[in-house]
Each structure stands twice: as structure tokens, then as C-alpha cells.
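**Student:** Questions regarding the structure given below will be posed in turn.
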Amino acid sequence: MKKVFGLIIFIVALSLISCSGGGGGGESPPSYSVQDWQNLYDYNAYATDGYTTRWPGTVITHNVHPEYFQRWESSTGGRVQFQFVSHQPSDGISVSLAPDLNTAGTTKWWVLKTSGHIVKAEIYINPDYWNPTDGPHVLTHEAGHALGFNGHTNDGCLMDPSIQSEDCISDAVARIMTHLYSYPPHTDVAANISQETIEQSLMIKRDDGSLLIKTPGGDYYVKEVDEDTLLFSNGPFYNGRVEPLPELQP
Ligand SMILES: [Zn+2]
């Protein structure tokens, strides 16, 4: 009898583990170490009081080169999922050419404070980089920000700040994004790491009312849109001209 009881506890424990997912489907989450939770904190939850921000479900995206978005789907074991539409979505990720941009690309994304939901993102690509050599790299990089990867890496792959790095999604970045999308939005990351490793972020007030946030994972910008909504960007907020993104021509 004792043995059976032990087995029941084991099964209950197993089903609890498999329910803790809440991501966009796919396999059950790998087990995450304190270091993993620290990475998730540094690259996602830092500016939102230690709670994650992510898309709540399938991400709607403009149907221009879906293969560069799908790289995030495959690198997260299907936890990030896209629906491609023929127009620029108002509540998904839109992609445009940005002739006034002075970097290769930039992204703005809107986050609801209380739910941690990313509700909208706009990717801007500099026309000088919209060519078959640089375009795929820039679009996949910016899509990473639009999915909630805040800051930059230094691992030689495409979430590095420089276009000179290789066009690869590193294992470390894939692990952070798989982790992020294995738990629901607004997951308490700070509760899973030591208080000593939560450093005070350095916030610099800018003239336009935004904050430049300097974090262990790199810098990004945040401003309050209204009392419920925060706007993020991986660079200064782009407000210049936009044009439709054409197909890449070899
Ligand atoms: Zn970036």
C-alpha cells in the first residue's frame, strides 16, 4: 500500500511539472538552473521588476520572408509560433524600411505592465542593409528583440550588436528564448535567483522622457506610453519615415 501511495505522489509530481509550461506548445520545458533564471532576468525581466514580458500566444507577423521569423520557432522547439498575414498587423509584428535610420535596424515593442504581454512590435530596417547578405541577419536579429530579447550578446552570433557577427542563433540565446516561452507572461524571475545577484539597474533620464537602461545584458530604452503600457526599444525610438518592405532581390 505504501508503495502505491508513493507512486501516486510521484505521478502527481510529474503532472505538476508538465503543467508548469504554459508556453506556445511544443515539448515540456527543460529544467532550468539558477544561472538560467539569472540570464532570463538579465535579458528580459530586468526593466519590469523581475517579471517576464512575452507574447501571450501565437505571434501575428507580416508575411515578408517568414523563414527569418521561423528560425525563432525552430530554435525554441516550437514554443514561439507565428501566424503570417498579408498586411501589416496592428496587433502583431510589422516590418518596414526606414530610410532615416542610422543603424542597420531597430525595433519598438509595447508591453502591458500588469500582464507582461507584448502586444505590438514595429521592426525598422535601413534600406542600405536590405540586401541578400545583410537582410536575413538584420531581420532575424530585430525579430529577436520583438519577441522579448532585451539587450545584446557577445557570443559571435546574431544577437550581438554588430552586423559583423555570424548569422547564427547561439545556443545560449536559444536557451533564454525557450525558457521565456516555456512559462506564462509575467513569470516571477526574481523569485528564482539570489537577491545578491539582482543589481540595481542604471537608468539615465533622457530629454524625450524616456529612460536609457544599462543592464548586464546590454542597453535599451523604455518609456511610459500611458499608465498601463511601456514602450521598449533596442536603440533611440525611431519616429522617421517608413516605406513598405520589398522582397529581397539578389
Ligand atoms: Zn539589437
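Just add 1444 to wherever you are in the sequence shown, counting from 1, and you've got the working numbering.
In this text, a Cβ means the ideal position worked out from N, Cα and C, and glycines have one as well.
#1: By a C-beta neighbour count over all protein chains shown, 10 Å radius and 16 as the cutoff for buried, is LEU1602 buried or exposed?
#2: Report yes if the C-beta of PRO1712 is less than 8 Å from at least one heavy atom of ligand 1; otherwise report no.
#3: Is any heavy atom in ligand 1 found nearer than 8 Å to the beta carbon of ASN1678?
#4: Here's the rule I'm using: 16 or more other beta-carbon atoms within 10 Å means buried, otherwise exposed. How should LEU1646 be labelled?
#5: Shortest alpha-carbon distance to HIS1581 belongs to which of ASP1486, HIS1506, VAL1686 and TRP1516?
#6: Among MET1621, GLY1560, GLY1549 and PRO1576, whose alpha-carbon lies nearest the alpha-carbon of GLY1684?
#7: Below 9 Å between beta carbons: does that hold for TRP1481 and ILE1562?
#8: Can you tell me which of LYS1649, ASP1670, ASP1672 and GLU1671 puts its alpha carbon nearest to the alpha carbon of GLY1664?
#9: Along the chain, where does the alpha helix (DSSP H) that runs through PHE1681 open and close?
#10: What residue ranges within the stretch 1604-1653 form continuous beta strand (DSSP E) runs of no fewer than 3 residues, ordered along the chain?
#11: Measure the C-alpha to C-alpha separation of GLY1494 and GLN1693 and round it to an integer number of angstroms.
#12: Look at the Cβ atom of GLN1527, then the Cβ atom of VAL1503, and state whether they are nearer than 9 Å.
#13: For THR1558, which option in SER1534, THR1631, ILE1613 and ILE1607 has the closest C-alpha, if you only look at C-alpha atoms?
#14: With three or more beta-carbon pairs closer than 8 Å as the criterion, would you say the stretch 1602-1614 touches the stretch 1521-1539?
#15: Note down the Cα distance separating LEU1484 from LEU1624, rounded to an integer number of angstroms.
#16: Note down, in chain order, each residue of its chain lying with its Cβ closer than 8 Å to the Cβ of TYR1488, except the 5 sequence neighbours on either side.
#17: Does the beta-carbon of HIS1585, which I'm using as the reference point, lie nearer than 8 Å to any heavy atom of ligand 1?
#18: Cβ atoms of PRO1533 and GLU1687: under 9 Å apart, would you say?
#19: Report the partner residues of HIS1561 according to the DSSP bridge assignment.
#20: Would you kindly work out how many angstroms separate the C-alpha atoms of LYS1658 and PHE1681, rounded to a whole number?
**Tutor:** In brief:
#1: buried
#2: Here the chain has residues from 1445 to 1694 only, and residue 1712 is not among them.
#3: yes
#4: exposed
#5: TRP1516
#6: GLY1549
#7: no
#8: Here residue 1664 turns out to be Tyr, not Gly, going by the sequence shown. That would be LYS1649, whose Cα lies nearest to the Cα of TYR1664.
#9: Neither: PHE1681 is in no alpha helix (DSSP H) and is coded neither H nor E.
#10: 1646-1649
#11: 43 Å
#12: yes
#13: THR1631
#14: no
#15: 7 Å
#16: It is worth fixing the name first, because residue 1488 is Asn in this sequence and not Tyr. THR1496, THR1497, ARG1498, GLY1592, PHE1593, ASN1594, ILE1620, LEU1624 and VAL1633.
#17: yes
#18: no
#19: ARG1498
#20: 16 Å
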